[in-house]
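This note's numbering applies: residue 1 is where the sequence shown begins, and numbers increase by one.
Shown next, in structure tokens, is the structure this report addresses.
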Amino acid sequence: MCRNGAPDQRPYCYPETMHPHDLIPAATWVRNLTTASLLLAVAVACGQSANIDDTVAPAADSVLPTAADKQSYVDQLHALGVDKYLGIEPVSSTTVGDWEAYYYDVTAGATCLHGTPYIVSVRPATVPTSATVLYLQGGGACWDELTCTLGFAKKTADVPDGYHNGIFDRTNPENPVKDYNIVFASYCDGSVFSGDAKVDYGGQETWHWGIRNLSAAVTILRDRFADSTTLLVTGSSAGGFGTFMALGVVRAALPDRYIHLLNDSGPGIENPKLAETMGRGIRRQWQFEQFLPSDCVECDEQLLFLLDYALAHDPDLSVGMYSYLDDSVIGTLFVQFFSAYPAILRETTDRIHERFPDRFRRFFVDGAEHTILANKQFYQPFPQKGTVADWTRAFLSNDLSHWIDWR
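As structure tokens, this is what we get:
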């Protein structure tokens, strides 16, 4: 089902299984989101059981892009200007624990929501390696005076010296990336690493410089770890949403590398009922649509289908997606699909998996928690599905027999 928005908007579509009571008035949405705003920056993971019938039998990809397809795709990314901010350099650096911290300001071309310094952190592997993670931090989103004033989004950057769980735990032998280099892109732009605008909200200068901050991190990735033969691009919550933009920026920066992209709880799904409020405001204030391919027709429905577009053009890409089926932050508070969210999440991602069963797979589990990559639950076994850690290991090693699609 589709509906058109204002003349300057793309149409919005959603599955037929969606019931009208799952679409709520904008005023109710604002009240609910205000109450829950602080939850947008919190990741809580506590898995529940899932049924083995949720698996989908693998099949060969129906679309096999060629080297020429990939070159055309990379050329298009350049033409869109996705890489125009690569080369941003820090103004200073320091060491905090195991992390090298690189600082940027407005003059350098990267900054936080209200002009405070931006930070990219690097934790080199203890032993030289050709495996690297680019991790995008989460922390909400904002798009107007109300949402940016009330704390809907993280406003300052930080060094992740307190990150010791999940993929950041070097001491756990079950961690598939414990010996990887890590480039940590802190989050503070309010635009899920995608915006390219400076705006004024009630007299407050606001920098939605998401793609610039992202580009600062990718510049370090390119300059420090360009020889990485294993490259994981990932992020949680707002950082998961940020992986949609990161995919293009990283591909433009490193056209010859194979990319494993893992989206943790930021699936790129929107609610058409919120088009006149949140959706329209986001497009107007963040100005990110300039970076989307004009021939990505399905992107008109959901940003999620940018993954389908990339998989159809880039043979050196595999995508994994993790989510709780009743995610209380995304499904309830942010897009407000409520009880319809599991069906919508499954149906929209089914469309991608059906075309690319070898290169797009999911790890969906019952529960209302939000994010897992930076949590201890990364190592928690889910009944019949195993751990996300083991699933991620199979993903990174291209072990299709153990990288199972759990929907």
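Positions of the beta carbon are idealized from the N, C-alpha and C atoms, including for glycine.
- W143 sits in coil when the DSSP states are folded into three classes, being neither helix nor strand.
- By the C-beta criterion, the stretch 57 to 72 is judged to be in contact with the stretch 306 to 325, since at least 3 inter-stretch pairs fall below 8 Å.
- Closest in alpha carbon position to P90, among V122, P173, F152 and Q336, is V122.
- Take G87, set aside five residues on each side of it, and the residues of its chain with a beta-carbon closer than 7 Å to its own are T219, in chain order.
- With a 10 Å radius around the Cβ and a threshold of 16 neighbouring Cβ atoms, S228 comes out buried.
- Remark: C-beta atoms of L77 and G248 approach each other more closely than 7 Å.
- For R351, the enclosing alpha helix (DSSP H) stretches over residues Y341 to R355.
- When secondary structure is reduced to three states using DSSP, Y322 falls in the strand class.
- By the beta-carbon neighbour count (other beta carbons within 10 angstroms, threshold 16), G210 is buried.
- For N263, the enclosing beta strand (DSSP E) stretches over residues I259 to D264.
- Residue range T230 to S236 is occupied by the beta strand (DSSP E) that includes S236.
- For D308, the closest of S323, H164, R355 and A79 by C-alpha to C-alpha distance is R355.
- DSSP, read as helix, strand or coil, puts T206 in strand.
- Taking each of R257, L254, L274 and A246 in turn and checking the Cα distance to N263, the smallest one comes out for A246.
- By the criterion of a C-beta distance shorter than 7 Å, V388 is surrounded in its chain by Y322, F363, I372 and F378, once the five residues flanking it on both sides are discounted.
- F241 sits close to G266, with the two beta carbons spaced by under 7 Å.
- Between E205 and R284, the alpha-carbon positions lie close to 16 Å from each other.
- Taking 7 Å as the cut-off, the Cβ atoms of N172 and K376 do not count as close.
- Contact between W207 and D189 holds, with the beta-carbon distance rounding to 7 Å and staying under 8 Å.
- In the DSSP assignment, D69 falls within the alpha helix (DSSP H) that extends over A67 to L80.
- Judged by their CB atoms, S236 and G386 are not nearer to each other than the 7 Å cut-off.
- Between G268 and L231, the gap from beta carbon to beta carbon reaches 7 Å or more.
- In terms of Cβ geometry, L134 and V233 form a close pair [threshold 7 Å].
- If only complete runs of 4 or more residues are kept, the stretch 155 to 227 shows the alpha helix (DSSP H) at 210 to 225, in order along the chain.
- Taking the Cα positions, F244 is about 7 Å away from L306.
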